[in-house]
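Q:
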Amino acid sequence: MSRNPSGPDPGPRTAVVLAAGEGRRLRPLTAHRPKPMLPAGTRPILEHVLDALVDAGVREVHLVVGYAGDRVRSHVGDEYRGLAVAYHEQTHQLGSGHALLQARDAIDAPFLVVNGDQIVDTEMVEEVRRGHGRDGDHGRGSTGATMAVVEADRAPQYGAVSLDGDRVSDLVEQPGGDDYRLLNAGVYAFDPDVFEALESVDRRDGAILLPDAVARRIAAGSEVRAVRTDAYWRDATYPWDLRTLTREVLSNRDVSLPEVRRNVYVADDARIHASATLVPPVAIDAGVVVRAGAVVGPNAAIGTGSTVGTGAVVRDTVIDADCRIGANATVVDLVSGESVRVGAGATVSGGPGDVRRGTTVHEDIELGAVLADRAELGGGAVAEPGTIVGHDARVGPGATVGGEIDDGSEVVR
């Protein structure tokens, strides 16, 4: 594969994308695929990441895969929009730093690192790429590192950052409290010697974490440059976050479908009945059928090969591939897996509601329900706000359900 070209723009043109993680907090949606393959709009999160890299001038990418990695390989292939793609396997998920080490033998020049499960803007990638290549300590080939830093309310729940001018002075993982407002956005540029730092970092519960290697570099007196940016950055931590991602993608980002009118995106081979109504923003993917009298939108994305039945109402919802929404069903604030079935007259009434995950309760969440892969909500059934239905579970006709429904289980009236 090619190496970074010389020329007037010395920034890295190679990127490593970390796409090996499962995303346990997104279960049951990640029971059969990794988090980067979950939908934001009608496309996987990973596609949005790769688009940002291509548009920022990256020419080759190394994808580190692990959990359900075949889903990534079969979807992306060896080339993406002219971008050469190579794969590296992380057999055991032992942290972000361990994942990066899997690409070590293929890297011999400055490179970017991007998380494959967070949507980032092209501008952010480009700012880090150019920042690492500009004149200064990094440009002279020092042991340099550059990272994107954003201001966010959720910094205390992520990796918080302290700055001294344009230098990172400290990294604090999940500090809590309100003292930290700057967040590590997970977009980096490194010189190849970062691999040596990763090999020497102390493991945490057996894991090698990339932020720990950066923190060690700072403690040793090495420079870590901050690129402070207000470019777009979003993460999906829980299943209901996919609704937020989808809403923002439909309103502000590249949907990669024909725009038939403002914020209404419809694939060329989709079939929309003349009496159906599409309320923007809305996206209808390839092979979708929307039947007579149905109302889809706003903030709805219907995945490949799905059907919305006669008179059905679907809004503020992410429908994945090959799903069936029955006639006169009402679906609000739903996040679905693949091949889900919602019967005629069934209701997902929408949030807010409390979502129970094990012993944890998330209060006042705008979630109607999560229906994981191949789950069924029978005709006339009702899913109360905050319901989580596991993969291959079945809710019988006329039943009312709430809370968590285990994978493969059956609920009858």
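UniProt numbering puts the first residue of the sequence shown at 1, with every later residue one more than the last.
We put the beta carbon where it would ideally sit given N, CA and C, even for glycine.
Return the first residue and the last residue of the beta strand (DSSP E) that R208 is part of.
A: Sequence index remark: in the sequence shown, residue 208 carries index 208 (1-based). At residue 208 the sequence reads Ile, which differs from the Arg that was named. That residue, I208, is in no beta strand (DSSP E); it is neither H nor E in DSSP.
Q: Quick check on this structure: which residue in S251, E404, G398 has the alpha carbon closest to the alpha carbon of G390?
A: For this step, residue 390 is matched to residue 390 along the sequence shown. Checking every option, the nearest Cα to that of G390 belongs to E404.
Q: Please return the same chain residues whose Cβ sits closer than 7 Å to the Cβ of A103, not counting the five positions on each side in sequence.
A: Start at 1 with the first residue of the sequence shown, and residue 103 comes out as number 103. Correct list, in chain order: V16, H62, V64, H88.
Q: Do the segment 257–267 and the segment 282–290 meet, that is, are 3 or more Cβ pairs less than 8 Å apart?
A: Because the criterion of three Cβ pairs below 8 Å is met, the segment 257–267 and the segment 282–290 touch.
Q: Could you give the C-beta distance for P110 and D191, rounded to a whole number, given that I count them as a contact under 8 Å?
A: Residue mapping note: residue 110 aligns to position 110 of the sequence shown, counting from 1. Residue mapping note: residue 191 aligns to position 191 of the sequence shown, counting from 1. The pair is a contact, with the Cβ atoms about 5 Å apart (cut-off 8 Å).
Q: When you compare only the Cα positions, how much space is there between T120 and V161?
A: Translated into the one-based positions of the sequence shown, residue 120 becomes position 120. Translated into the one-based positions of the sequence shown, residue 161 becomes position 161. It is worth fixing the name first, because residue 120 is Val in this sequence and not Thr. Between V120 and V161, the C-alpha separation is close to 18 Å.
Q: Name, in chain order, the residues that DSSP records as bridge partners for G353.
A: Here residue 353 is taken as the residue at index 353 of the sequence shown, counted from 1. I365.
Q: Within 10 angstroms of the Cβ of R13, are there 16 or more other Cβ atoms? Answer buried if so, exposed if not.
A: Start at 1 with the first residue of the sequence shown, and residue 13 comes out as number 13. Per the 10 Å Cβ criterion, buried.
Q: Indicate the three-state DSSP secondary structure (helix, strand or coil) for N328 in the structure shown.
A: As a working note, residue 328 is residue 328 in the sequence shown. DSSP places N328 in coil when its eight states are reduced to three.
Q: Between the Cα of A220 and the Cα atoms of V296, P44, L242, D170, which residue gives the shortest distance?
A: Counting from one through the sequence shown, the residue named residue 220 turns up at place 220. The shortest Cα separation from A220 among V296, P44, L242, D170 belongs to D170.
Q: I'd like to know if the segment 37–57 and the segment 233–242 are in contact, where contact means that at least 3 CB-CB pairs between them fall below 8 Å.
A: A contact exists between the segment 37–57 and the segment 233–242.
Q: Taking DSSP as the reference, what is the three-state secondary structure of H132?
A: Translated into the one-based positions of the sequence shown, residue 132 becomes position 132. Correct three-state label for H132: helix.
Q: Could you tell me the boundaries of the alpha helix (DSSP H) in which N252 lies?
A: Numbered from 1 along the sequence shown, position 252 holds the residue referred to as residue 252. It spans 241–252 - the alpha helix (DSSP H) in which N252 sits, taken as one unbroken run.
Q: Could you tell me the distance, in whole angstroms, from the CA atom of N159 to the CA atom of V172?
A: In the sequence shown, counting from the first residue as 1, residue 159 sits at position 159. In the sequence shown, counting from the first residue as 1, residue 172 sits at position 172. Residue 159 is actually Gly in this sequence, not Asn. Near 6 Å, if we compare the C-alpha coordinates of V172 and G159.
Q: Would you kindly report the start and end of the unbroken alpha helix (DSSP H) that includes G69?
A: Here the question's residue 69 lines up with position 69 in the sequence shown. Residues 69–76.
Q: Taking the CB atoms as reference points, tell me whether V382 and L367 lie closer together than 8 Å.
A: Taking the first residue of the sequence shown as position 1, residue 382 is located at position 382. Taking the first residue of the sequence shown as position 1, residue 367 is located at position 367. It is not a contact, given that the beta carbons lie outside the stated cut-off.
Q: So, does the segment 127–134 touch the segment 205–217, judging by three or more C-beta pairs under 8 Å?
A: No contact exists between the segment 127–134 and the segment 205–217.
Q: On the criterion of 16 or more Cβ atoms from any shown chain inside 10 Å, does P258 qualify as buried, or is it exposed?
A: What you label residue 258 is simply residue 258 of the sequence shown in a count that begins at 1. The residue is exposed, with fewer than 16 neighbouring Cβ atoms inside 10 Å.
Q: Can you give me the start and stop residues for the beta strand (DSSP E) that L46 sits inside?
A: Looking up residue 46 in the sequence shown gives position 46. Unbroken run through L46 is the alpha helix (DSSP H), 45–55; no beta strand (DSSP E).
Q: Thinking H75 and P34 are a contact (beta carbons under 8 Å), I'd like their distance in whole angstroms, please.
A: In the sequence shown, the residue the question calls residue 75 occupies position 75. In the sequence shown, the residue the question calls residue 34 occupies position 34. With 8 Å as the limit, H75 and P34 do not qualify as a contact, their Cβ atoms being about 11 Å apart.
Q: Can you tell me the Cα-Cα spacing of V289 and T330, whole angstroms?
A: For this step, residue 289 is matched to residue 289 along the sequence shown. For this step, residue 330 is matched to residue 330 along the sequence shown. About 17 Å.
Q: How many whole angstroms separate the CB atoms of A276 and R291, which I take to be in contact at a CB cut-off of 8 Å?
A: By one-based count along the sequence shown, residue 276 stands at place 276. By one-based count along the sequence shown, residue 291 stands at place 291. A276 to R291, Cβ: 7 Å. Contact.
Q: Just to confirm, does V340 get its C-beta within under 7 Å of one of the non-hydrogen atoms of the ligand NAP?
A: Ligands displayed in this structure: none; no statement on the ligand NAP is therefore possible.
Q: What's the C-alpha gap between G303 and T400?
A: Looking up residue 303 in the sequence shown gives position 303. Looking up residue 400 in the sequence shown gives position 400. Their Cα atoms are separated by approximately 26 Å.
Q: Give the single residue among A236, Y238, T122, V332 whose Cα lies nearest to the Cα of V187.
A: Sequence index remark: in the sequence shown, residue 187 carries index 187 (1-based). Answer by Cα proximity: T122.
Q: If you follow the beta strand (DSSP E) that H62 is part of, which residue opens it and which one closes it?
A: Sequence index remark: in the sequence shown, residue 62 carries index 62 (1-based). Counting along the chain, the beta strand (DSSP E) containing H62 begins and ends at 60–65.
Q: In terms of residue numbering, what span does the beta strand (DSSP E) encompassing L18 cover?
A: As a first step, residue 18 is located in the sequence shown; it is residue number 18 there, counting from the start. Segment 14–19, the beta strand (DSSP E) holding L18.
Q: Compare the C-alpha of I66 against each of T42, L94, S256 and name the closest.
A: To locate residue 66, count along the sequence shown from 1; it is residue 66. In the sequence on display, residue 66 carries Gly and not Ile. Ranking T42, L94, S256 by Cα distance to G66 puts L94 first.
Q: Could you name each continuous beta strand (DSSP E) segment of 3 residues or more that falls completely within the segment 82–120, going from the start of the chain to the end?
A: Segments of the beta strand (DSSP E) lying fully in the segment 82–120: 83–89, 111–115, 118–120.
Q: How would you write the range of the alpha helix (DSSP H) that S200 sits in, first residue to last?
A: Here residue 200 refers to the residue found at position 200 when the sequence shown is read from its first residue. First-last of the alpha helix (DSSP H) with S200: 194–200.
Q: Whole angstroms is fine: what's the gap from D193's alpha carbon to E126's?
A: In the sequence shown, counting from the first residue as 1, residue 193 sits at position 193. In the sequence shown, counting from the first residue as 1, residue 126 sits at position 126. Going by the C-alpha atoms only, they are around 22 Å apart.
Q: Considering only the alpha carbon of each residue, which of H273, A19, E22, L26 lies closest to residue 420?
A: Residue 420 is absent from the structure shown; the chain starts at 1 and stops at 413.
Q: Going by the DSSP bridge assignment, what does S336 pair with across the sheet?
A: For this step, residue 336 is matched to residue 336 along the sequence shown. Looking at the DSSP assignment, S336 forms a beta bridge with L371.
Q: Go ahead and pull the three-state DSSP assignment for V412.
A: Mapped onto the sequence shown, residue 412 falls at position 412. The answer is coil: DSSP assigns V412 none of H, G, I, E or B.
Q: Determine the contact status of A301 and P28, defining contact as a CB-CB distance below 8 Å.
A: Within the sequence shown, numbered from 1, the residue matching residue 301 stands at position 301. Within the sequence shown, numbered from 1, the residue matching residue 28 stands at position 28. Cβ atoms of A301 and P28: not closer than 8 Å.
Q: Closest by CA to A236, which one among A197, E248, G402?
A: Translated into positions along the sequence shown, residue 236 becomes position 236. Considering only alpha carbons, the answer is E248.
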